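Below: the structure, in structure tokens.
There are 2 protein chains.
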Amino acid sequence: MGSPGRVGIKDVARLAHVSQGTVSNVLNHPDRVSQARREAVEQAIETLGFVRHEAARHLRAGHSSTVGLLLLDAWNPGFIDVARGVEDMTSARGLAVMISNSGRDIEREKTYLRLFSEGRVAGLIVVPHDEFADGLHRIRAGGVPVVVVDRAETGEHRMSVAVNDVAGGELAARHLIGLGHRHLAFVGDEGAAKPVHDRLTGVRKAVAETRTEANVEIRLDVLPADLTADAGRTVGEQLAAMPPGERPTAVTAAIDLLAFGVLQALLQHGLRVPEHMSLVGYDDIPFTRQLSVPLTTIRRPHYDMGTTAAEMLATTLSGKPPQPRHVVFEPELVVRDSTSRPSKPSRRKPR
Amino acid sequence: MGSPGRVGIKDVARLAHVSQGTVSNVLNHPDRVSQARREAVEQAIETLGFVRHEAARHLRAGHSSTVGLLLLDAWNPGFIDVARGVEDMTSARGLAVMISNSGRDIEREKTYLRLFSEGRVAGLIVVPHDEFADGLHRIRAGGVPVVVVDRAETGEHRMSVAVNDVAGGELAARHLIGLGHRHLAFVGDEGAAKPVHDRLTGVRKAVAETRTEANVEIRLDVLPADLTADAGRTVGEQLAAMPPGERPTAVTAAIDLLAFGVLQALLQHGLRVPEHMSLVGYDDIPFTRQLSVPLTTIRRPHYDMGTTAAEMLATTLSGKPPQPRHVVFEPELVVRDSTSRPSKPSRRKPR
DNA sequence: GCACACTCTTGAAACGTGTCAAGAGAGTTG
DNA sequence: CAACTCTCTTGACACGTTTCAAGAGTGTGC
């Protein structure tokens, strides 16, 4: 009935024979209003189909009660789990979340950041691209609390939730080295996002420490690739095309999605995993266990990262300083079927 | 510098020695302002770090320029593609999208719908749950254009984008029947969402028509299951436990995710796909081709559904009536490796 | 019957912007 | 120089809420 969009608090007041102030009190401080009036007002609201005008409340309040979530790349299932964690926690705390997705496009990221500023969101959770400190800096200067996810930060006035990806890279590499592999490859763009960089650092660290401690020389190749399954497929083909002596016996991928592609290409070219090549992913996204060869991978607690970030933000918004301000999760090695001891191509040829 | 949250148009006006109206014109109608003043104002905006107050503009304008996208289930990769389509199209048209995700929870769906109403979004794209016509009805009555996705509607004052899932069910069943299967099973909850119901209807139609036209009797079992990979795994175990004579020779799943689970369980129990059992998915989500057995499935154009819905909405918002108001996409059979002719258990036992 | 306490209610002000009618200048024409 | 046109600029108002000081009403105690 009627057009709810045009019904205001004063229409309700008129119908219920009370003042605007009373209607407002019914909505925001019901205890201050006598039962009789409250019921009259509620009746009038129902009759008119009145809907609060969020913008007006917001204008009066000076800030909204919405929290922004800016995702780097919503197609990556890992980040969806982050979003799920954020949503579950904020909805439990009575906050609304506005999600947007930059799709690894730095321009869009800026646009959305501006939108969030203009919308005067109460707080912001960001899974950021790399070089965009300036945008974040500005919004922080405006007094909006920001939690950065997947990038370790420090400082009394900042908040962050991250994963120790150096340790993750180490886990992956040590697992392979422990199985006897001496020729490794890391698939992923070295110049890409910080987390990817860290994983490679971890792998290098493991390689270097093996050299010093056990006096075993490990060869490590870095195969650059975008962070998509398609790019993985290309790398897989490169690997398949190498002469067996030159080919690494084990591959660590920067993210599971990449490993998916590598796996697919290897199998297509007749190479068996793990017999001819061991493969380690990274993230443990839900599909990892359902692949043709369930993937050994490094698990990151995406959902918990989301809830943790949301909780920090909610605590800040309620006025208390969150404790701690920086959380770093430790990743975990999950061994499935894609890794094994290397075959010995010198003695027994794989056909 | 300073706190941008507290800088208003009048501070800018004071610094630039102009009136508020002129600042507003610089922001909204730059052509009405002389170059000299414009530059002074722009300078002042820069100096003060002024950020427009969205809520105030919104209040003045009466409606926001944000579009709401309410997703039924953002964990399903298919819906993520819908979101991607919506985002790409709306951002090309200069609209901002606010995404929220009900996670198949009808209470959350209502909450978000209320939030969108209160936020006076310019328009809404909804992938709805089933029984919640009332909420949508109210918001439509308020004059907010709504596009419903994945549910065919009719009527001059409505808009919808859907897929002919009856045809999709038929495609799947005819493919299997054509291969020679005479005992089929449909996995999915009959009482679930409309699209699932339609798929089953399509399967039944194909079965019935085969009976009338070719006089061939097809047996069809319906195995209820939630729409998750886990539920699929349970069904797969049930199937594996059946005596071979009782077991259907081919299975159609309501969605790919379910088929993933079924596949995994079957393989784990030593049944081969497609030799011992053919399997058809539904959706063609990106991981489908990377499974241990790449899945034959019914492709739905999720991304295009998103762009189409967004375009309809954008057209409506720009004042023109969209043409047409209801779009139904036809699904497509994608044959991969999970389907083949049935083995003949009566003559040759599977070992 | 007066003072006081207490509970509800009221009406106006303020939040920051966009709009619009009216006005100020500057230039042009007769 | 007056009359007119045209381009910019101005300042007040409205949008729909919440808040808050002040007022109205109702008991209660002496």
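As given, the protein sequences belong to chains A and B, one line each in that order.
The working numbering numbers the first residue of the first sequence as 1139 and each following residue consecutively.
The working numbering numbers the first residue of the second sequence as 1139 and each following residue consecutively.
Note that CB positions come from ideal geometry on N, CA and C, so glycine has one too.
Here the structure is a predicted model, which means the values were calculated and not measured.
Next on the checklist: Within 10 Å of its beta-carbon, does Met1380 (chain B) have 16 or more other beta-carbons around it, so buried, or fewer, so exposed?
Outcome noted: exposed
Checklist entry - Can you find a CB in chain B that lies within less than 8 angstroms of the CB of Leu1253 (chain A)? => result yes
Checklist entry - So which residues of chain B does Phe1398 (chain A) contact, with C-beta pairs closer than 8 angstroms? => result Phe1425 and Gln1428
Checklist entry - When the Cβ atoms of the stretch 1172-1192 of chain A are set against those of the stretch 1235-1245 of chain A, are three or more pairs found closer than 8 angstroms? => result no
Item to check | Own chain partners of Thr1204 (chain A) with C-beta closer than 8 angstroms, once the 5 adjacent residues on each side are dropped | outcome: Leu1233, Ala1234, Val1235, Met1236, Gly1257, Val1259 and Ala1260
Next on the checklist: Helix, strand or coil, according to DSSP, for Ser1157 (chain A) in the structure here?
Outcome noted: coil
Checklist entry - Do we get a CB-CB distance below 8 angstroms when we pair Ala1391 (chain A) with the residues of chain B? => result no
Next on the checklist: Tell me whether the stretch 1299-1310 of chain B and the stretch 1334-1353 of chain B touch, counting them as touching only if at least three CB pairs, one residue from each stretch, are closer than 8 angstroms.
Outcome noted: yes
Item to check | Min CB distance Val1150 (chain A) to chain B below 8 angstroms | outcome: no
Item to check | Terminal residues of the beta strand (DSSP E) in which Thr1435 (chain B) lies | outcome: Thr1435 to Arg1437
Item to check | Delimiting residues of the alpha helix (DSSP H) encompassing Asp1303 (chain A) | outcome: Asp1303 to Gly1316
Item to check | Inter-residue Cα distance where the pair is Ile1423 (chain A) and Asp1394 (chain A) | outcome: 7 angstroms
Checklist entry - Does the Cβ of Ala1352 (chain A) have 16 or more other Cβ atoms within 10 Å, making it buried, or fewer, making it exposed? => result exposed
Next on the checklist: Let me confirm a value: Ala1311 (chain B) is counted as buried when at least 16 other C-beta atoms fall within 10 Å, else exposed. Which label applies?
Outcome noted: buried
Next on the checklist: Would His1321 (chain B) and Pro1386 (chain B) be called neighbours here (beta carbons separated by less than 8 angstroms)?
Outcome noted: yes
Checklist entry - By DSSP, does Arg1357 (chain B) sit in helix, in strand, or in coil? => result strand
Item to check | Amino acids of chain A, ordered along the chain, whose beta-carbon sits closer than 9 angstroms to that of Ala1367 (chain B) | outcome: Pro1424, Phe1425 and Gln1428
Item to check | Through-space distance from Glu1470 (chain B) to Glu1291 (chain B), alpha-carbon basis | outcome: 21 angstroms
Item to check | Reduced DSSP category for Pro1488 (chain B) - H, G, I as helix; E, B as strand; rest coil | outcome: For Pro1488 (chain B), the pLDDT reaches just 45, beneath the cut-off of 50, and the residue's location in the model is therefore unreliable, although a value from the coordinates is still provided. Reduced to three states, the DSSP call for Pro1488 (chain B) is coil.
Next on the checklist: Taking 8 angstroms as the threshold (beta carbon to beta carbon), is Arg1256 (chain A) in contact with chain B?
Outcome noted: Rather than Arg, the amino acid found at residue 1256 (chain A) in this sequence is Glu. So, interface residue.
Checklist entry - What is the DSSP secondary structure of Asp1421 (chain A), counted as helix, strand or coil? => result strand
Next on the checklist: If we define contact as Cβ-Cβ less than 8 angstroms, is His1191 (chain B) a contact residue for chain A?
Outcome noted: yes
Checklist entry - Between which two residues does the beta strand (DSSP E) containing Gly1206 (chain B) stretch? => result Thr1204 to Leu1209
Item to check | Val1145 (chain B) (DSSP reduced to helix, strand or coil) | outcome: coil
Next on the checklist: With distance defined between alpha-carbon atoms, name the residue in B:Leu1433, B:Ala1330, B:Gly1206 and B:Asp1226 nearest to Val1282 (chain B).
Outcome noted: B:Gly1206
Checklist entry - In terms of residues, what are the limits of the alpha helix (DSSP H) holding Phe1188 (chain B)? => result That residue, Phe1188 (chain B), is in no alpha helix (DSSP H); it is neither H nor E in DSSP.
Checklist entry - With 16 as the cutoff for other CB atoms within 10 Å, does Glu1355 (chain B) come out buried or exposed? => result exposed
Next on the checklist: I believe Ser1476 (chain A) touches Pro1432 (chain A) by the beta-carbon criterion, under 8 angstroms. Please report the beta-carbon distance rounded to the nearest angstrom.
Outcome noted: 7 angstroms
Checklist entry - Hey, how far is the Cα of Leu1404 (chain A) from the Cα of Ser1416 (chain A)? => result 11 angstroms
Next on the checklist: Quick test of your reading: Leu1361 (chain B) and Val1325 (chain B), contact by CB under 8 angstroms. State the CB separation rounded to the nearest angstrom.
Outcome noted: 5 angstroms
Next on the checklist: How far does the alpha helix (DSSP H) with Ile1244 (chain A) in it extend, from its first residue to its last?
Outcome noted: Ile1244 to Glu1256
Checklist entry - Using a C-beta cutoff of 8 angstroms, does Asn1214 (chain A) count as contacting chain B? => result no
Item to check | Assigned secondary structure, Ala1194 (chain A) (DSSP; H/G/I helix, E/B strand, else coil) | outcome: helix
Item to check | Buried versus exposed, by CB contacts within 10 Å (16 or more), Thr1350 (chain A) | outcome: exposed
Checklist entry - Can you tell me whether DSSP reads Ala1165 (chain A) as helix, strand or coil? => result Strictly speaking, residue 1165 (chain A) in this sequence is Leu, with Ala absent from that position. Helix at Leu1165 (chain A).
Checklist entry - Quick one: Cα of Gly1140 (chain B) to Cα of Ala1182 (chain B), how far? => result Low per-residue confidence applies at Gly1140 (chain B): pLDDT is 40, beneath 50, and the placement is therefore not dependable enough to give any value.
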